[in-house]
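Going by mature numbering (1 follows the signal peptide of the UniProt record, and there is no 0), the letters in the sequence shown line up with residues -19 to -1, 1 to 388, in that order.
Here a beta-carbon is modelled for each residue, glycine too, at the ideal position from N, C-alpha and C.
Model, not experiment: these values are computed from the prediction.
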Amino acid sequence: MNRFIIVIWLAALAINSHAEGYQVNVQSQKNTAMGHTGTALMLGASSVHFNPGALGLMKKNYDITLGGSFVFSNVTFSKQNSTYQTETESPTGTPFYFYGAARLSDRLVAGLGINTPFGNSLAWKEDWDGRYLIQDISLRAIVVQPTLSFKISDKLGFGAGAMIVFGGVDLNKALPLMGPDGEAHVNINGTTTSFGFNAGLYYQASDALSFGLDYRSKVAMEMEGGDADFFVAPGLSAAFPAKNKFDAELPLPANLTLGAGYKVNNKLTLAADLQYVFWDAYQELVFDFQQNTPQLFDSYNPREYKNTMIYRLGAEYLFSDKLIVRAGAYFDETPISDEYLNPETPGMNKVGMSLGASYFLNDKWSVDASFLYITGMERDAGYQPANFYGTYNSRAIIPGIGITYAF
């Protein structure tokens, strides 16, 4: 029986593949306010992330922007064939960004980005019905990206950067066993450093029309020697070593984005992005424990994620010399099939609506703000390996603030 329990536990222990959620898109207040568009726009140093090819054609010699957002999220769950209902008690997420760009010559621009394009915090009540699948999790990935961009011509720019990713995970879940103070539980935590790259092309077809293409590579987060701490009754300590270690790998998917921008007149600019996310990199999850027992052994778990699209629209309007207002919307597909929908990965198709503004304090400084509302489309499915089915709904409110200094 214990062997079966551990098989189910390991099958459920993805490092919070919150689907659309563990890829965080709030990486600049200006871009967020326009539905996360920006591949074909020159919005300053944030192009380090959205399209480094645009940096080579930036109009300023120096551009620095930084900011952060506050993610207030909620997921509700109604158990199938039951009156049981509950919701998450997740902490406030705080994604942040810093971008800097400096013109080294007429054709060459150097940039640096520090941001959080992946990560998630999710917490259910400790005693909820799905506690054997997940109680809470925090997934972190901070990316440092040094970048160079080259102006090939007055219309064409190319840029590329190395992504240095510092990642970590902290996960808690209950075990259907006796613990030292009641029910047993386990804490999984560890850190890692991995690498990838970002490259982009920007083309200014005319004074009004621009195009952009950006590719961010897959990053394999290989965690070696992570801590797996089991809190069980003394009589079970031989089967579940208190201070175990594990190796595992979680892919951060590659992204390919094609964008177009159109300047309708001197005041209004429109943008559209098509973002293809290579979620098929996540086909299985393998846990390799340092200490194995007849009850605790290495596990192979199929995931079979599928590639998805994100459709984005945005607009920017120069209201006055002091004020720019923005708005946008997007539709984000989930890569998770009905057979693998679980409370640690409550993925569902999502619709996002955004607005924001930049207020210029003078010719160098501006304050940037955005507001994003995300609603998940209700999903009735479950996690087949644990026979855990129900109806999920989600929503998130994300205000953000930032500053820009450019000259």
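Asked, Found
"Distance, LEU103 Cα to ALA262 Cα", "23 angstroms"
"Closest Cα partner of ASN246 within the set ALA189, ALA209, MET290", "ALA189"
"Assigned secondary structure, TRP346 (DSSP; H/G/I helix, E/B strand, else coil)", "strand"
"Rounded straight-line distance, which links the Cα of SER339 to that of LYS136", "27 angstroms"
"Beta-carbon proximity list for SER351, same chain, < 7 angstroms, skipping 5 on both sides", "GLN10, THR13, ALA14, SER335, GLY337, GLY381"
"Nonlocal neighbours in the same chain, by C-beta distance under 7 angstroms from LYS248, ignoring five residues either side", "TYR298, LEU299"
"Unbroken alpha helix (DSSP H) run spanning residue 407, endpoints", "An answer regarding residue 407 cannot be provided, because it is not within the stretch -19 to 388 covered by the chain."
"Three CB pairs or more closer than 8 angstroms across the region 224 to 241 and the region 195 to 215", "yes"
"Spatial distance of ILE45 from ILE123 (CA atoms)", "19 angstroms"
"Span of the alpha helix (DSSP H) around LYS11", "10 to 14"
"Beta bridge counterpart(s) of LEU38 as assigned by DSSP", "Bridge partners of LEU38: none, in fact."
"Proximity of SER59 and GLY371 at Cβ, strictly below 7 angstroms", "yes"
"Between the CA atoms of GLY149 and VAL258 - distance to the nearest angstrom", "22 angstroms"
"Straight-line Cα distance separating HIS30 from LEU342", "25 angstroms"
"Backbone CA spacing between ALA241 and LEU38 [nearest angstrom]", "16 angstroms"
"Own chain partners of residue 434 with C-beta closer than 8 angstroms, once the 5 adjacent residues on each side are dropped", "The requested residue 434 is not part of the displayed model; the chain covers only -19 to 388."
"LEU304 burial status per 10 Å Cβ neighbour count (16 or more: buried)", "exposed"
"In DSSP terms, what GLY242 is bridged to", "SER191, ALA252"
"Per-residue DSSP class, three states only, for GLN4", "strand"
"Complete runs of the beta strand (DSSP E) confined to the region 319 to 365 [at least 3 residues]", "331 to 341, 346 to 357, 360 to 364"
"C-alpha distance - GLU359 paired with ASN153, whole-angstrom precision", "26 angstroms"
"Proximity below 7 angstroms, CB of GLY34 to CB of LEU266", "no"
"Per-residue burial, VAL7 [other beta carbons within 10 Å of its own, 16 or more giving buried]", "buried"
"Contacts around THR174, its chain only, beta-carbon distance under 6 angstroms, and the 5 residues preceding and following it disregarded", "PHE147"
"Closest residue to PHE192 among ALA252, GLU70, PRO161 (Cα-Cα distance)", "ALA252"
"Beta-carbon proximity of TYR311 to GLY81, cut-off 7 angstroms", "no"
"Beta-carbon gap between ASN330 and GLU314 smaller than 7 angstroms", "yes"
"Simplified DSSP assignment, three categories, for ALA296", "strand"
"Sheet register partners of PHE99 (DSSP bridge)", "GLN4, ALA122"
"For LEU85, three-class secondary structure by DSSP", "coil"
"DSSP state of LEU217 mapped onto helix, strand, coil", "helix"
"Residues near ALA223 in its chain [Cβ-Cβ closer than 6 angstroms; skip 5 each side]", "PHE211"
"TYR386 Cβ short of 6 angstroms to the ligand FMN heavy atom set", "What this structure holds is no ligand at all, so the ligand FMN is not there to describe."
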